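Participant:
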Amino acid sequence: MRAINTRHGISEWKGRAVFRPALRAGMAVMALVGLILLSQGLWIHAKAMVAQVLLDRAFTRSIETGQSVKPWSWADTWPVARLEFPRIGETSIALHGASGQALAFGPGHVNRSAEAGENGTAVYAAHRDTHFAFLKDVQIGDAVRITRRDGKVFTYQVTETSVVRWDQSGIDTNAGGKNLVLATCWPFNAATPGPMRYLVKARMLE
């Protein structure tokens, strides 16, 4: 491009000459950020999928041996239940505890909540973008089958879904009857953490 010697022409040409490299650099940075975010998202989902394969193997061994089996040597948790949703064809292996580290690999059985099949409320939590992403497809009346590590199987029926604040969930782990609550963050398509939770409630079929 040639500079035009007018009162404003030279300054405009120089401004454009400086602006264009900066624009290209900015676009390159944004593209790099996009690739990083995409790779991180793919890594999270890949890790979640691989972990479930290892957890399923460990859970099968737990049933066979009657002992807690860690999915990998350095794990500080272990599989305690298999959650199955027959109508939508989903299955997840749940871990002991609901710490951030445990939830990176699967649903977690919340400490101090009832065991599946026992009186009270059994509570399982998981991330909305991986292991409990399918909760949005669960409907009232659906069956939820839970196999414990001792091999006992219990079937629950979904009775309610709701959206609540994390500190106003109303979950009573000592409630009468044999209840189940599955919890994840809401809304499902949000990119950042928030205070709302999506709950699926169910009661055990005798």
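So that you can map any letter, position 152 of the sequence shown is 152 in full-length UniProt numbering, and since no number is skipped, the others follow by simple counting.
Ideal placement from N, C-alpha and C gives every residue a C-beta, glycine not left out.
On a predicted model such as this, the values are computed, not experimentally measured, just so you know.
Please list the segments of the alpha helix (DSSP H) lying wholly inside the region 99-147, counting only runs of 4 or more residues, in order along the chain.
Facilitator: DSSP runs (the alpha helix (DSSP H)) wholly in the region 99-147: 100-103.
Participant: Nearest CA to the CA of Asn111: which residue from Thr173, Pro195, Leu199?
Facilitator: The option with the nearest alpha carbon to Asn111 is Thr173.
Participant: Excluding the 5 residues preceding and the 5 following residue 295 in the sequence, name in chain order all residues of the same chain whose CB lies nearer than 8 Å to its CB.
Facilitator: This structure does not reach residue 295, given that the chain is present from 1 up to 206, and the question cannot be answered.
Participant: Quick one, which of Val138, Ala114, Asn179 has its alpha-carbon nearest Tyr198's?
Facilitator: Nearest option by C-alpha distance: Val138.
Participant: Compare the beta carbon distance of Leu180 and Val144 with 8 Å and say whether it is the shorter of the two.
Facilitator: Cβ distance < 8 Å, so Leu180 and Val144 count as in contact.
Participant: Tell me the residue span of the beta strand (DSSP E) that contains Val80.
Facilitator: Its beta strand (DSSP E) spans residues 79-85.
Participant: Would you call the CB atoms of Gln52 and Ile88 closer than 8 Å?
Facilitator: Cβ atoms of Gln52 and Ile88: not closer than 8 Å.
Participant: Check for me: the beta strand (DSSP E) holding Phe188 runs from which residue to which?
Facilitator: Counting along the chain, Phe188 falls outside any beta strand (DSSP E), and DSSP gives it neither H nor E.
Participant: Consult DSSP for Ser62 and reduce its assignment to one of helix, strand or coil.
Facilitator: It is helical.
Participant: Might you give, ordered along the chain, the residues of its own chain that have their beta carbon closer than 8 Å to the beta carbon of Thr121, omitting 5 neighbours on each side?
Facilitator: Closer than 8 Å at the Cβ level, and outside the excluded window around Thr121, lie Ser113, Ala114, Ile171, Asp172, Thr173, Asn174, Ala175, Asn179, Leu180, Val181.
Participant: Can you list, in chain order, the residues of its chain with a C-beta nearer than 7 Å to that of Val123? Leave out the 5 residues immediately preceding and following it.
Facilitator: Taken in chain order, the residues that qualify are Val110, Ser113, Ile171, Thr173, Val181, Ala183.
Participant: Starting from Lys201, trace the beta strand (DSSP E) both ways and give me its first and last residue.
Facilitator: Its beta strand (DSSP E) spans residues 196-204.
Participant: Helix, strand or coil: how does DSSP classify Ala75 here?
Facilitator: The answer is coil: DSSP assigns Ala75 none of H, G, I, E or B.
Participant: From Thr91 to Pro193, what does the alpha carbon distance come to, in whole angstroms?
Facilitator: For Thr91 and Pro193, the distance between alpha carbons rounds to 25 Å.
Participant: Can you tell which of Ala58, Asn119, Ser169 has its C-alpha closest to the C-alpha of Val69?
Facilitator: Ranking the options by Cα distance to Val69, first place goes to Ala58.
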